[in-house]
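Novice: Have a look at this one.
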Ligand SMILES: O=C(O)CCC(=O)C(=O)O
Ligand SMILES: [Fe+2]
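In the working numbering, the protein residues as written are 1108 to 1354.
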């Protein structure tokens, strides 16, 4: 199957979780994957206990505002531009203006969480390096019923889009395991969309984790231009701005 376009995106919709999630295998090429990995600055990682992280163009202020600055070209050309071309950020106030880079070693993961209101409710996640399973859990199960759960396999070079009630009504997390097991059509909601399910089957329906990097592209809804009230004078050139990294 050719990669998705705005016209064919509906073919990539994941059936199962609340609307809407889309999985596009091979969204980028191996050459594009290598180039973006090689461009990730080695000196900007923040080490967290279970992964490492960097935030581009900068971390948000304590009240979730992005100080306007462009994303670097190696994150926009071709990846963010190609995502925008799918039409999914149509209606978002700024389009893609922010990217989180997370790196997970085998046994590392991220607790179930929601991304919250700092962002327009669309997330575009591109995976690099290794394959991983994302666990999606219903946020508010019906009374007396267990929370519904769905498993999504994310292969390297794939794109996962999460929008609508999938964004607002579910939690997402990655288990801290060395290997994802019991992967087959009945347990993985995007099985039919995978680019290479054969390799999972050949590995005994399991996925041995290797280093995986994710690029999480979003639209931060509150954006502030550098203003005279902060720095005493207007700065017309964004490249000329002082490094301002509130944490
Ligand atoms: O690495 C991922 O795919 C998930 C990252 C994530 O959920 C986040 O940074 O909010
Ligand atoms: Fe998240």
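Don't be surprised by glycine CBs; every beta carbon is placed ideally from N, CA and C. A quick note: this is a predicted structure, and the numbers were derived from the prediction, not measured.
1. Would the beta-carbon of residue 1136 be found less than 8 angstroms away from any heavy atom of ligand 2?
2. Residue 1314 and residue 1320: beta carbons closer than 9 angstroms?
3. Checking 9 angstroms against the spacing of the C-beta atoms, do residue 1114 and residue 1264 come in under that value?
4. Between residue 1193 and residue 1215, what straight-line distance do the alpha-carbon atoms span, to the nearest angstrom?
5. From which residue to which residue does the beta strand (DSSP E) around residue 1305 run?
6. Within the present structure, is the beta-carbon of residue 1173 separated from the nearest heavy atom of ligand 1 by less than 8 angstroms?
7. Whole angstroms are fine: how far does the CA of residue 1136 sit from the CA of residue 1110?
8. In whole angstroms, give me the CA-to-CA distance for residue 1173 and residue 1288.
9. In the structure shown, what three-state DSSP assignment does residue 1290 receive?
10. Look at the alpha carbon of residue 1130 and the alpha carbon of residue 1311, and state the distance between them as a whole number of angstroms.
11. DSSP state of residue 1295, grouped into three classes?
12. By DSSP's criteria, residue 1223 is part of a beta bridge. Which residues make up the other side?
Specialist: Reading from the atomic positions:
1. Numbered from 1 along the chain shown, position 29 holds the residue referred to as residue 1136. For residue 1136, the CB stays at least 8 angstroms from every heavy atom of ligand 2.
2. Indexing the chain shown from 1 puts residue 1314 at position 207. Indexing the chain shown from 1 puts residue 1320 at position 213. Cβ distance not < 9 angstroms, so residue 1314 and residue 1320 don't count as in contact.
3. Indexing the chain shown from 1 puts residue 1114 at position 7. Indexing the chain shown from 1 puts residue 1264 at position 157. The answer is no: Cβ separation not under 9 angstroms.
4. Reading the chain shown from its first residue, position 86 is the one you call residue 1193. Reading the chain shown from its first residue, position 108 is the one you call residue 1215. When rounded, the distance between both Cα atoms is 31 angstroms.
5. Working through the chain shown from its first residue, we reach residue 1305 at position 198. Segment 1304-1309 is the alpha helix (DSSP H) holding residue 1305; no beta strand (DSSP E) there.
6. Within the chain shown, numbered from 1, the residue matching residue 1173 stands at position 66. Incorrect: residue 1173 has no Cβ contact closer than 8 angstroms to ligand 1.
7. Start at 1 with the first residue of the chain shown, and residue 1110 comes out as number 3. Start at 1 with the first residue of the chain shown, and residue 1136 comes out as number 29. Taking the straight line joining both Cα atoms gives about 10 angstroms.
8. What you label residue 1173 is simply residue 66 of the chain shown in a count that begins at 1. What you label residue 1288 is simply residue 181 of the chain shown in a count that begins at 1. Straight-line Cα distance between these residues: approximately 39 angstroms.
9. Taking the chain shown and counting its residues from 1, the one referred to as residue 1290 is at position 183. Three-state result, residue 1290: coil.
10. Within the chain shown, numbered from 1, the residue matching residue 1130 stands at position 23. Within the chain shown, numbered from 1, the residue matching residue 1311 stands at position 204. A direct Cα-to-Cα measurement between residue 1130 and residue 1311 gives close to 23 angstroms.
11. Along the chain shown, read from residue 1 onward, the residue named residue 1295 stands at position 188. In the three-state reduction of the DSSP assignment, residue 1295 falls in the coil class, being assigned neither a helical nor a strand state.
12. For this step, residue 1223 is matched to residue 116 along the chain shown. Answer is none; residue 1223 lacks a bridge partner.
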